[in-house]
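This report refers to the structure that appears directly beneath it.
Residue numbers (this note's numbering): 2 to 343.
The structure is reproduced here in structure tokens:
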């Protein structure tokens with residue numbers, strides 16, 4: 002009886018988040034310097050999806066909704082979805098609610114890749130690809146440093162991430178020192194995070210990779226539950242901790258790298274949303290992962306809407322997420338965070 006009530010509560014939370022997300026999408030597309038009516042927006046979306054419309058659509062409205070705002074909205078959803086899922090996987094693997102997706106140096110590696118591409122555009126790949134490659138290199142370096150005698154020590158992995166992140170941060174500082182004024186501004190703005198470069202071509206690639214990684218995370222979520230109780234206990238239940246930690250870390254890293262390469266460094270989302278999901282549903286990762294993912298999508302979409310509508314110019318979204326995230330971290334530190342895994 003109690004189990005059924007809990008199951009219904011979790012399903013209701015997922016349904017509620019989906020409804021909130023749909024409302025947030027409509028509000029985000031409506032909002033902006035050129036305000037549009039909900040009827041116009043829904044008519045354009047209906048036309049693009051079905052080829053049918055209730056009234057004539059102007060080229061201006063079509064360009065604003067489908068070419069400018071919708072790619073940005075979808076990218077915000079994908080980024081929030083990916084970072085929150087990655088955060089849940091990392092926190093489950095490391096059994097620490099203060100772990101976030103950039104713990105293994107992905108953000109520093111991506112920052113260096115982006116800075117390198119900005120300063121030497123003729124010598125390297127586009128910014129997104131360069132950031133993606135170096136994010137993977139950073140995490141792979143952390144992983145290889147921590148791997149000894151075929152085994153991975155969790156504490157060693159975190160320390161390796163700190164070391165790798167510090168090295169790439171130093172390299173970013175060198176890139177800044179070598180950059181010109183315009184390049185320095187571009188690097189700084191990229192590192193603050195933003196969705197102003199969102200395009201449909203990026204969305205298609207990101208959506209496929211993120212969806213595949215999410216399916217892997219959700220399918221093996223019950224194994225993440227076993228890892229969360231400790232390596233020794235997991236071994237007694239027939240689970241190979243190193244094997245599944247590797248799977249989860251690779252999955253989370255791919256999601257993080259894809260996200261960072263497209264939108265820059267957006268902090269706090271991967272820390273806050275898994276934590277909030279556990280407060281709502283308990284420690285079962287079969288529900289933490291989808292609820293955190295949907296919550297992250299809603300949260301980042303709202304933050305991006307605020308970032309682009311609060312002032313005439315655009316505020317980097319990383320500033321908005323940090324303003325909200327810092328008080329949240331203070332609250333975590335004051336609470337008994339261990340109970341979220343017990």
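All C-beta atoms, glycine included, are put in the ideal place defined by N, C-alpha and C. The structure presented is a predicted model; accordingly, all values stated were derived computationally and were not measured.
How long is the line joining the alpha carbons of residue i and residue j, rounded to whole angstroms?
i, j, result
"residue 129", "residue 267", "15 Å"
"residue 34", "residue 97", "42 Å"
"residue 243", "residue 95", "12 Å"
"residue 60", "residue 66", "10 Å"
"residue 131", "residue 18", "34 Å"
"residue 339", "residue 280", "Interpretation of residue 339 is limited by its pLDDT of 48, a score under 50 that renders its predicted location unreliable; the figure taken from the coordinates is listed afterwards. So the alpha carbons of these two residues sit roughly 12 Å apart."
"residue 258", "residue 111", "7 Å"
"residue 217", "residue 252", "8 Å"
"residue 101", "residue 181", "32 Å"
"residue 124", "residue 113", "15 Å"
"residue 121", "residue 269", "30 Å"
"residue 187", "residue 332", "34 Å"
"residue 289", "residue 239", "23 Å"
"residue 117", "residue 190", "15 Å"
"residue 84", "residue 184", "27 Å"
"residue 24", "residue 179", "45 Å"
"residue 322", "residue 301", "8 Å"
"residue 246", "residue 264", "27 Å"
"residue 262", "residue 313", "26 Å"
"residue 136", "residue 72", "24 Å"
With DSSP collapsed to three states, give me the class of residue i.
i, result
"residue 148", "strand"
"residue 173", "helix"
"residue 71", "helix"
"residue 187", "helix"
"residue 104", "coil"
"residue 306", "helix"
"residue 291", "helix"
"residue 91", "helix"
"residue 168", "helix"
"residue 204", "helix"
"residue 192", "helix"
"residue 324", "helix"
"residue 155", "helix"
"residue 178", "helix"
"residue 141", "helix"
"residue 134", "helix"
"residue 54", "coil"
"residue 319", "helix"
To which residues of the same chain is residue i closer than 8 Å at the C-beta, ignoring the five residues directly before and after it?
i, result
"residue 38", "31"
"residue 54", "44, 45, 47 and 48"
"residue 315", "195, 197, 308 and 309"
"residue 70", "29, 30 and 33"
"residue 156", "none"
"residue 20", "none"
"residue 22", "78, 295, 298, 299 and 302"
Using a Cβ-Cβ cut-off of 6 Å (strictly less than) and excluding sequence neighbours within five positions of residue i, which residues of its own chain qualify?
i, result
"residue 286", "93, 222, 225 and 226"
"residue 329", "273"
"residue 161", "143, 146 and 147"
"residue 165", "106, 139, 142 and 143"
"residue 172", "113"
Could you name the residues of the same chain whose beta carbon sits closer than 7 Å to that of residue i, not counting the 5 residues immediately before and after it, in chain order?
i, result
"residue 63", "45"
"residue 318", "194, 195, 196, 267, 304, 305 and 308"
"residue 327", "none"
"residue 208", "79"
"residue 255", "210 and 214"
> Curious, which full-length alpha helix (DSSP H) runs of at least 4 residues does the stretch 13 to 48 contain?
Replying inline: none
> Which ranges does the beta strand (DSSP E) cover as unbroken runs of at least 3 residues, wholly within the stretch 206 to 231, from first to last along the chain?
Replying inline: none
> Could you give the uninterrupted runs of the alpha helix (DSSP H) lying entirely in the stretch 233 to 289, keeping only those of 4 residues or more?
Replying inline: Qualifying alpha helix (DSSP H) stretches, in chain order: 242 to 264 and 270 to 282.
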